[in-house]
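Order-wise, the sequence lines are chains A and B.
Taking this note's numbering, the leading residue of the first sequence gets 205, the next gets one more, and so forth.
Taking this note's numbering, the leading residue of the second sequence gets 501, the next gets one more, and so forth.
The beta carbon of each residue, even a glycine, is placed where N, CA and C say it ideally should be.
Since the structure is predicted, the reported quantities are computational estimates derived from the model, not experimental observations.
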Amino acid sequence: MTASPTLSPDPAAERAAPPPGRRFSLLAFARKHRTILFLLLLIAVFGAVNERFLTVRNALNILSEVSIYGIIAVGMTYVILIGGIDVAVGSLLAFASLAAAYVVTAVLGASPASWLIALALSSLVGLAGGYIHGKAVTWLHVPAFIVTLGGMTVWRGATLILNDGGPISGFDAAYRWWGTGHILFVPVPVVVFALVAAVGHLVLRYTRYGRQVYAVGGNAEAARLSGVNVDFIVTSVYAVIGALAGLSGFLLSARLGSAEAVGGTGYELRVIASVVIGGASLTGGSGGVGGTILGALLIGVLSNGLVIMHVTSYFQQVVIGLIIVAAVAFDHYARTHKA
Amino acid sequence: MTLLDVSQVSKSFPGVRALDQVRIEVGRGEIHALLGENGAGKSTLIKILSAAHAADEGAVTFDGQPLDPRDTPLRRQQLGIATIYQEFNLFPELSVAENIYLSREPKRLGLIDWRRLRADAQALLGELGLPLDPDEPVSRLTVAEQQMVEIAKAMTLNARLIIMDEPTAALSSREVDRLHAIIADLKARGVSVIYVSHRLTEVKAMCDRYTVMRDGRYVASGDVADVEVDDMVRLMVGRSVEFVRRVRSGPPGPVVLKVEAVTPRHPRLTAPDYLKDISLEVRAGEIVGLAGLVGAGRTDLARLIFGADALASGEIRLDDKPLKLKSPRDAIRAGVMLVPEDRKQQGCFLDHSIRHNLSLPSLKPLSRLGQWVDERAERDLVEIYRQKLRIKMASQETPIGKLSGGNQQKVLLGRSMALAPRVLIVDEPTRGIDIGAKAEVHQVLSDLAAQGVAIVVISSELAEVMAVSDRIIVFREGAIVANLEAETATEEGLMAYMATGAGRSSPSGMEHRPA
């Protein structure tokens, strides 16, 4: 028999809670803003060690890099909020972008609207893939981890079948603009990420749908008894992350100039790590897009900084893995040691 | 002779003194009632005894030896202090025998001796007179049976003091009787029991001594024989409270809810063939109480009416129009609302704010285009119910998990009331909440009825059913055995229907739990 759970509705604890905003505690402040503080610390360290780190050029470079998986991380925030998980995003990204690239290059041929078709198609293929995941979770009652683990190899396999494992390239300038162009100095993928994050945040924070997402993750049975269509929320969340994976795949192919069958490999880890480092609980019900953005930036800064310091990519993987575990461990500590 | 002597124990949490110079003395083989409203400090005291918390000051002596406040919970168990919390510490997938001997299994050649494990458990259960199968997984047991497993486990630890935190809160009357028989047997073996309960008639019937706490302080103690239930209540609350019997504001209106011969499609595994062809009617402005033992089918019926479970046959009519319910969402749209029995598991989003908890099902009309939530309107709505229900909260943004049980229940009632339902079903409206809050909840239900809502109240507390209902329907083993005017009902009469299905009580008619 261990100590009481943290959530026991102990009337003593209720009286104990100090009135909000009354007293300033450095520890509480550090705890609340731990992700951003750690991010600033990293930036300061890398900036002090290497002068090439703190430049506008490098900052935009980091942001472009972050944007590609950050877009999916916004969707993953929803998935993790409902208590789910999606490890198929990297594979679905590759399938959607390759399928779209295949249609606009091999099927339709040159067209001034090829970027639009590819963007729409890639997102729609992702949406459909995610919808299938969602239906498998809600109808067949297969745990989300298993569904998307299956999806991970199915979509990757389908991608390889689609073009015999080869890349598809030959996009026109308008297509490439989505990956390499700028809007007032800002790379286009960064603008898209900002838009996706803004919409993702507003929907979560201010809409009924967002409330229902939190409710399903907080207590699915209570949500159902409160009239929430739990199956719809779950299915829609997987569909949305699928669509975002497709959108991200389109941007990646535009950036690289080709849609690769191995594109997005390992993204599931970065994306889930962004959300978790951003403070979302894997059991669902708590977290937000703001935290996820910080988490994604943190991973981006870390990777970039390690590259600039000539740390090998092998070692980077080790570091990022350790940071993820440390973030969750700290989160657990903060939860169980409430001031 | 004294077994446990707690003197001048204090415990503070940041900003609050949860216990202030508390004392309690428990003799050998004594059943000692620990009384007090929720928040009086009983739980904190229990946790100090079981070493889940360490006291800041004061002394605890057990069996003549001073207890070290730095003891681990395991150490206290080894010393002979066992605690049975309301939420059991059992492993649902393991068998009764495995749970009883967990981590102390008999071994042979370093491996678990399964045959002896079974035999030992069987012998122990037999000795204690507990009708359990040692091979049964705990997940298939009723709450009462799981409690028996906890008691058996405590006995194998040679417990000399067993602390039971509201052991009867989730039990039916018959199960309570059986628990009391078990406790009497423990007493005969010289085991002492600290018995925490809000059910004072039980305390009066079976406890030897009592200690009352209020606001973290010791108030009084003495022999139970010397006081009446009313006295204990007065000591607990500092004033005299009893259930006020509801006065109907006028004649009931037309029939709103009509249930015709319903049978669920998927009867629960633990209760095969339960609930068949149930019919009942509830009128506008009427409160119908459903009495019965836990598991008699009342909650299952509520879930059917609310669309939470599917119908195999029969029909539910609202305002004489058939209801086709595929989910609770359909029921809510039609104007039927349920306040579920298990606040934590089925009602609350514990980490989320009071505001979000209360408004969730009512957001649509508060949202532009049905989606964009108008938070000012939402706050106003929550404020209305805060005032109406006198919910005590620091702010609307406080997580509901930090409220007391009574205030949580009020938030859930507010959630339902905000939908202005035609039919409101409240399952165990006041389980585990203090007496003052109970009376307030009863008043709320009465007010709603006066506004023409058709209300169904399910309660395992007979006094409550009798106080809040206009009409009482008694369930037994999945069928309705009586339909009475509340004014003419007596506690004894209801008990007889519940236990035997007939209107007269006979002890020999008491049967075993139906399969």
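Asked                                                                                                            : Found
Test: N423(A) CB closer than 8 Å to a CB of chain B                                                              : yes
DSSP-derived helix/strand/coil call for H942(B)                                                                  : helix
CA nearest to the CA of I694(B), picked from H766(B), Q521(B) and K542(B)                                        : K542(B)
Chain-ordered residues of the region 392-414 of chain A with a beta carbon less than 8 Å from chain B            : Y410, T411, R412 and Y413
Min CB distance A652(B) to chain A below 8 Å                                                                     : no
Short-range partners of chain A found in the region 864-892 of chain B, where Cβ spacing is below 9 Å            : K864, L866, S867, G870, Q871, W872, V873, E875 and K892
Chain A contact residues for A808(B), given Cβ-Cβ distances below 7 Å                                            : L429
Any C-beta of chain B under 8 Å from that of N433(A)                                                             : yes
Assigned exposure category for A555(B) - 16 Cβ within 10 Å defines buried                                        : buried
C-beta neighbour in chain A for F591(B), strict 8 Å                                                              : no
8 Å contact criterion, which A652(B) and L686(B) should meet: CB distance rounded                                : No, A652(B) and L686(B) are not in contact; Cβ-Cβ is about 11 Å, not under 8 Å.
Under the three-state DSSP convention, the category T572(B) falls into                                           : coil
8 Å Cβ cutoff, I600(B) in contact with chain A                                                                   : no
A920(B) burial status per 10 Å Cβ neighbour count (16 or more: buried)                                           : exposed
First and last residue of the uninterrupted beta strand (DSSP E) at G558(B)                                      : E557 to F562
6 Å Cβ shell around F299(A) - same chain, five flanking residues per side excluded                               : W359, A362 and T363
Other residues of its chain near F743(B): CB distance less than 6 Å, five sequence neighbours each side excluded : A963 and A967
Local conformation of L661(B) per DSSP, three classes                                                            : strand
Terminal residues of the beta strand (DSSP E) in which E650(B) lies                                              : From DSSP, E650(B) is part of no beta strand (DSSP E) but of the alpha helix (DSSP H) over V643 to T656.
Proximity test, Cβ basis, 8 Å: G274(A) and chain B                                                               : no
7 Å CB neighbourhood of T701(B) in its chain, flanking five on each side removed                                 : V729
Within chain B, partners of Y418(A) - CB distance below 8 Å                                                      : F849, H852 and H856
Helix, strand or coil at K892(B) according to DSSP, with G and I counted as helix                                : coil
Straight-line gap, A771(B) to R640(B) (C-alpha atoms, nearest Å)                                                 : Low per-residue confidence applies at A771(B): pLDDT is 43, beneath 50, and the placement is therefore not dependable, though the value from the model is reported in the following sentence. For A771(B) and R640(B), the distance between alpha carbons rounds to 10 Å.
Separation of I289(A) from R256(A), as counted between CA atoms                                                  : 37 Å
Straight-line Cα distance separating F591(B) from L611(B)                                                        : 20 Å
Contact belief for M655(B) with I584(B) at Cβ below 8 Å, rounded distance in angstroms                           : The pair is not a contact, with the Cβ atoms about 11 Å apart (cut-off 8 Å).
Close beta carbons around I610(A), own chain, < 7 Å, minus the five adjacent residues each side                  : Residue 610(A) is absent from the model: chain A starts at 205 and stops at 543.
Backbone CA spacing between S740(B) and K892(B) [nearest angstrom]                                               : In this predicted model, S740(B) has a pLDDT of only 40, less than 50, meaning its place in the structure is not dependable enough to derive any value.
Within 8 Å, strictly: CB atoms of M998(B) and S779(B)                                                            : no
Cβ contact check for the region 458-478 of chain A and the region 273-293 of chain A: 3 or more pairs under 8 Å  : yes
Identified DSSP bridge partners for L838(B)                                                                      : I925(B)
Residues near A458(A) in its chain [Cβ-Cβ closer than 6 Å; skip 5 each side]                                     : Y379, R380, W382 and G383
Beta carbon proximity, S490(A) to chain B, threshold 8 Å                                                         : yes
Neighbour flag for A377(A) against chain B, beta carbons, 8 Å                                                    : no
Neighbouring residues, chain A, relative to P569(B) (Cβ below 8 Å)                                               : Ordered by position in chain A, no residue passes the 8 Å Cβ test against P569(B), which lies about 14 Å from the chain.
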